[in-house]
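Engineer: Okay, here's the structure, questions in a sec.
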Amino acid sequence: MKNNFSSQVKEIISLSREEALLLGNDFIGTEHLLLGLLREGNNKAVSALQSFNIDLRALRSEVEMAVKNNNGKGIANLIRIPLTEEAENVIRETVIEAKDLKNLTVESEHLLLSILKNKESKSARILHQHGADYDLFRNELAKEKNNQSGSIKLENDYPSNKKNIHAFWQIFLFEIKYRLKRPDTYLYFLVFFSITFLAFGFGNVPASDKTYVNAPIVLTKFFTIFSIFMMVVTAAIMGAPLYRDLEYNTHEYYLSYPITKNDYFWGRFFGSFFFVVIIGSSLVWGSLFGTLIGPKLGWLSANRVGPYHIINYLQPFLVYVVPNLLLTSSIFFGLVAYTRNVKVVYTGGVILYLGYMMSLFIFHNAQNKNIIFILDAFGFVPINLIERFLSPEQKNSLLISLQGQMLMNRIIWSSVGIAIILITYFRFSFIRFFVGRTDKKVQRTRSIKYLAF
Amino acid sequence: MQLVINALSKTYPNGVQAVKNVSLTLNNGMFGLLGPNGAGKSSLMRTIATLQEADEGTIFLDDLNVLTQKKQTRQLLGYLPQEFGVYPRISAEQMLDHIARLKGIGNASERKELVDALLDNVNLYKDKKKRLGTYSGGMKQRFGIAQALIGNPKLIIVDEPTAGLDPAERNRFYNLLSYIGENTIVILSTHIVEDVSTLCSHFAIINEGEVLYAGTPDDALLEMNGKVYSKSIPKNAVQQYKNQYHVISTQLKAGSLYIRVFSKEHPGDDFIPGEPTLEDVYFYHVGEKAAINIF
Chain A
913 MKNNFSSQVK EIISLSREEA LLLGNDFIGT EHLLLGLLRE GNNKAVSALQ SFNIDLRALR
973 SEVEMAVKNN NGKGIANLIR IPLTEEAENV IRETVIEAKD LKNLTVESEH LLLSILKNKE
1033 SKSARILHQH GADYDLFRNE LAKEKNNQSG SIKLENDYPS NKKNIHAFWQ IFLFEIKYRL
1093 KRPDTYLYFL VFFSITFLAF GFGNVPASDK TYVNAPIVLT KFFTIFSIFM MVVTAAIMGA
1153 PLYRDLEYNT HEYYLSYPIT KNDYFWGRFF GSFFFVVIIG SSLVWGSLFG TLIGPKLGWL
1213 SANRVGPYHI INYLQPFLVY VVPNLLLTSS IFFGLVAYTR NVKVVYTGGV ILYLGYMMSL
1273 FIFHNAQNKN IIFILDAFGF VPINLIERFL SPEQKNSLLI SLQGQMLMNR IIWSSVGIAI
1333 ILITYFRFSF IRFFVGRTDK KVQRTRSIKY LAF
Chain B
36 MQLVINALSK TYPNGVQAVK NVSLTLNNGM FGLLGPNGAG KSSLMRTIAT LQEADEGTIF
96 LDDLNVLTQK KQTRQLLGYL PQEFGVYPRI SAEQMLDHIA RLKGIGNASE RKELVDALLD
156 NVNLYKDKKK RLGTYSGGMK QRFGIAQALI GNPKLIIVDE PTAGLDPAER NRFYNLLSYI
216 GENTIVILST HIVEDVSTLC SHFAIINEGE VLYAGTPDDA LLEMNGKVYS KSIPKNAVQQ
276 YKNQYHVIST QLKAGSLYIR VFSKEHPGDD FIPGEPTLED VYFYHVGEKA AINIF
């Protein structure tokens, strides 16, 4: 095996022996192997150490210090000084390193590699302190073997025909992937699905005995009220995206990438809103599976379940759930964009919820029903009002038609949702949001306010 | 490529003028921006990195107007900020893939190769699937340089990159940077003089938003040649000497106080001529400005 040691390495090993003698040791350890390398000087290992900016003189003295006077006794046997077990292992490893790098002969650099590899040895530790690294060195050698220059493989290996992938899609997809990794996403879906599933499964829905559990009016009412409860989810999911870059301080470099405000803002918004809608769809799945499975499990009598029409599920979802979710999503996303603070979303959510409940209470007995149709952002009370005028047969078969005042309500509040997000978009500026410096106009108005006191 | 900065100025809304009429010309290679904390290095770098606006002046990267053509500049840019965070739950590989896409590398296999090569070069290949939140300080720095290198940037801006790294990591970082510097413009800001003397072919000293000196380390030392003298003095005599001579710096060596002074001729009086160091250059220029400010 020692046949494929290069003459240089053989020289180094014999120099190691001399080093041991010079230091008064009666063994040859890895430290002496390292000293031998340094002593020979004209080898690749030493050049590598130099290229790592390692002070060779300091290295030598530290290694010498490590082995000097390790034994009290004099040098008894000058002819044969044994290798320590550690040194023997290193030499054995050297052959393996050479093989790994597919070199025909064992060279000085393989010796250095195997010294570095055994991290426990004194030599390795000293080398490590000086910044020499097994991985780094090995990578270097591997590269040279592959006939590449020392520079990083970034050069024109890659054609510069950078396809202009719209950064919007990248950010959108990133948002989706991020959401998918978060356990709370699944939790929200599960919670709403389960509640809906159990409610419909057991027939615990706002339906009288003469009404089907899956009647259009029942689905509409249930979906709408739960879209209001989903405010919690909307707040959590929509509050996060912009704030995440602030919280994790990633904006520092993110903004030096070639993305525009468009890409960033809409990518973040739609990426998260997509999930809000998916969680909203749990109402559809829950109600559907509830009425399918409930009777089979004996929770619900089969005669309470009416015919299935996709439109009965789709219409309430698209007319009430989605616009309601859009409204709250825009509000919460906008709040974070404006205040740069995520806590405000939770307070905002609570206020919004209480505000809505209070307004229901206040306008409960309003004489002028028109006010209710216009002011009810989520459409809940208007639905109830319309229901009063439906006969049991109508309740079972008719969707609330989108006309008249109901149509007005939906148009107004969908527009409000869209308007809020558009206003937020136009007011949003990367620099102002991330760097946080208020512009001069705001500063002036603020200072005026203080003066007024 | 050449980066030409001309009469650049920036004042923050709170009145602080962070960059005052800075003019510099940079070619391929490592360029050091040396200055104390708060000197305006970061402000200057952030302006070049298109992260903030300038009030006056121009920056041109060859024919590209950096201040007005931000998106095109960003295609050629790599930036490693002084402080940055990472999304904790994403792995290094996924984040670099995302960034590579943002920087316009469309082909999936090309991207994978590039990301793998980069991770390999910064020695994070074996940790590529680990979440960024688990990374140590040194690993995060290396990730930072990897993200700056994506897309073969022609201009790399590195802000105080070795702060917080231990000496071995710093060494490794230097090696990495010096490989990169061959075909790109690398601007490195630091307050550690040794970083500049080790790595940079050209440098500038900045303090209080102004460029106090620009040139090569060798030239800087040459200018100080024969003008730096040192003497050991009693500790209570410092003020006396400061009044009499142009004291560049004071140092403690083995318990005694030494002063280094700048003088065109031998000041006599037991002063020993000293070999000028880059630190002398630094203290000389930074101190001179401070002295002027007193009046």
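As they're listed, the protein sequences go chains A and B.
For the first sequence, this note's numbering gives the first residue as 913, with consecutive numbering after it.
For the second sequence, this note's numbering gives the first residue as 36, with consecutive numbering after it.
Glycine included, C-beta positions come from ideal geometry on N, C-alpha and C.
1. Does the CB of S1168/A have a neighbour CB from chain E at under 8 Å?
2. Could you name the residues of the segment 78-105 of chain B whose beta carbon sits closer than 8 Å to any beta carbon of chain A, in the order they occur along the chain?
3. In its own chain, which residues sit with a C-beta less than 6 Å from the C-beta of R1091/A, not counting the 5 before and 5 after it?
4. Examine chain A for any beta-carbon lying closer than 8 Å to the beta-carbon of K138/B, and answer yes or no.
5. Taking G290/B as the query, report the chain A residues whose CB atoms sit under 8 Å from its CB, ordered along the chain.
6. Cutting at 7 Å between CB atoms, please list the residues of its own chain near L1066/A, excluding the five before and the five after it.
7. Please report the straight-line C-alpha distance between S1194/A and D1045/A, rounded to a whole angstrom.
8. Could you give the uninterrupted runs of the beta strand (DSSP E) lying entirely in the segment 1186-1239 of chain A, keeping only those of 3 residues or more?
9. At 7 Å on the CB atoms, spell out the chain A contacts of G120/B, in chain order.
10. Along the segment 232-263 of chain B, what residues have a CB closer than 9 Å to any CB found in chain A?
11. Within the continuous alpha helix (DSSP H) that includes N1308/A, where are the two ends?
12. Mind pulling the chain A residues with CB within less than 9 Å of A371/B?
13. Judging by CA-CA distance, which residue of W1211/A, L1204/A, L1230/A, V1231/A is the nearest neighbour of G1218/A?
14. Within 10 Å of its beta-carbon, does K262/B have 16 or more other beta-carbons around it, so buried, or fewer, so exposed?
15. Does any C-beta atom of chain B lie closer than 8 Å to the C-beta of Q962/A?
16. Alpha carbon to alpha carbon, how far is S267/B from Q286/B?
17. Counting Cβ pairs, one atom from each stretch, are 3 or more of them under 8 Å apart for the segment 124-131 of chain B and the segment 150-168 of chain B?
18. Assuming contact is defined by CB atoms lying nearer than 8 Å, are G67/B and L234/B in contact in what I supplied?
19. Please name the residue in Y47/B, Q87/B, T60/B, A84/B whose C-alpha comes closest to that of Y248/B.
20. Is the Cβ of Y1165/A closer than 8 Å to any Cβ of chain B?
21. For T1336/A, would you say it is in contact with chain B, using Cβ-to-Cβ distances shorter than 8 Å as the test?
22. Taking 8 Å as the threshold (C-beta atoms), are L1023/A and L949/A in contact?
23. Any idea what DSSP makes of H1276/A, helix, strand or coil?
24. Leaving out five residues on either side along the sequence, give the residues of the same chain with a beta carbon under 7 Å from the beta carbon of W1197/A.
25. Classify D194/B as helix, strand or coil using the three-state DSSP reduction.
26. Can you tell me which of the three DSSP states P252/B falls into?
27. Which residues in the same chain have their Cβ closer than 7 Å to the Cβ of S918/A, if we skip the five residues on either side of it in sequence?
28. Which word fits Q110/B, buried or exposed, when buried means at least 16 other C-beta atoms lie within 10 angstroms of its C-beta?
29. On a CA-only basis, which of Y280/B, D98/B, V54/B is nearest G92/B? Give me that one, please.
30. Going by DSSP, name the residue or residues bridged to Q52/B.
31. Are three or more beta carbon pairs between the segment 1164-1175 of chain A and the segment 1107-1124 of chain A nearer than 8 Å?
32. Take I215/B and list the residues in its own chain whose beta-carbon comes closer than 8 Å to its own, dropping the five residues that flank it on each side.
33. With distances taken between CB atoms, is the gap from I940/A to R929/A smaller than 8 Å?
34. Leaving out five residues on either side along the sequence, give the residues of the same chain with a beta carbon under 6 Å from the beta carbon of P1228/A.
35. For a cutoff of 8 Å on Cβ pairs, would you count L38/B as touching chain A?
36. Which word fits L1048/A, buried or exposed, when buried means at least 16 other C-beta atoms lie within 10 angstroms of its C-beta?
Structural biologist: Let me lay it out:
1. Looking for chain E here will not work: the only protein chains present are A and B.
2. From the segment 78-105 of chain B, only A84, T85, L86, Q87, E88 have a Cβ closer than 8 Å to chain A.
3. Within the same chain, R1091/A has close Cβ partners T1097, F1187.
4. Answer yes: the Cβ-Cβ gap between K138/B and chain A drops below 8 Å somewhere.
5. For a Cβ distance threshold of 8 Å, nothing in chain A lies close to G290/B: the least Cβ distance comes to about 23 Å.
6. The pLDDT assigned to L1066/A is 37, lower than 50, so where the model puts this residue is not dependable, and the model offers no usable value.
7. In this structure, the straight-line span from the alpha carbon of S1194/A to that of D1045/A is close to 54 Å.
8. The segment 1186-1239 of chain A contains no whole beta strand (DSSP E) run of 3 or more residues.
9. Per Cβ cutoff of 7 Å: Y1160, N1161, T1162.
10. Within the segment 232-263 of chain B, the residues whose Cβ lies closer than 9 Å to some Cβ of chain A are T233, listed in chain order.
11. Annotation: the continuous alpha helix (DSSP H) that includes N1308/A extends over 1304-1309.
12. Limits of chain B in this structure are 36 at one end and 330 at the other, which puts residue 371/B out of reach.
13. Among W1211/A, L1204/A, L1230/A, V1231/A, the Cα nearest to that of G1218/A belongs to L1204/A.
14. Buried, because 16 or more other Cβ atoms sit within 10 Å of the Cβ of K262/B.
15. Answer no: the Cβ-Cβ gap between Q962/A and chain B never drops below 8 Å.
16. Looking at the two C-alpha atoms, the distance is approximately 9 Å.
17. Result yes; three or more Cβ-Cβ pairs closer than 8 Å.
18. Yes; because the gap between Cβ atoms is below 8 Å, this pair is in contact.
19. In this structure, T60/B is the residue among Y47/B, Q87/B, T60/B, A84/B with its C-alpha nearest to the C-alpha of Y248/B.
20. So yes, Y1165/A belongs to the interface.
21. Taking Cβ atoms only, chain B never reaches closer than 8 Å to T1336/A, which makes this a no.
22. Against a cut-off of 8 Å, the Cβ pair of L1023/A and L949/A comes out as a contact.
23. Of the three classes helix, strand and coil, the one that applies to H1276/A here is coil, per DSSP.
24. Counting only Cβ-Cβ distances below 7 Å, and skipping sequence neighbours, we find F1105.
25. In this structure, D194/B counts as strand in the three-state DSSP scheme.
26. Under the three-state reduction of DSSP, P252/B is assigned to helix.
27. If we look at S918/A and ignore the five residues flanking it on each side, its Cβ neighbours are T1017, V1018, E1019.
28. Around the beta-carbon of Q110/B, 16 or more other beta-carbon atoms lie within 10 Å, marking it buried.
29. G92/B has its Cα closest to that of V54/B, out of Y280/B, D98/B, V54/B.
30. Q52/B is bridged to T46/B.
31. Touching, no, given that fewer than three Cβ pairs across the two stretches are closer than 8 Å.
32. Closer than 8 Å at Cβ, skipping near neighbours: L184, I191, V221.
33. A distance below 8 Å separates the beta carbons of I940/A and R929/A.
34. Non-local beta-carbon contacts of P1228/A in its own chain, meaning distances under 6 Å to residues more than five positions away in sequence, involve L1131, T1132, F1135 in chain order.
35. Answer no: the Cβ-Cβ gap between L38/B and chain A never drops below 8 Å.
36. That one is buried.
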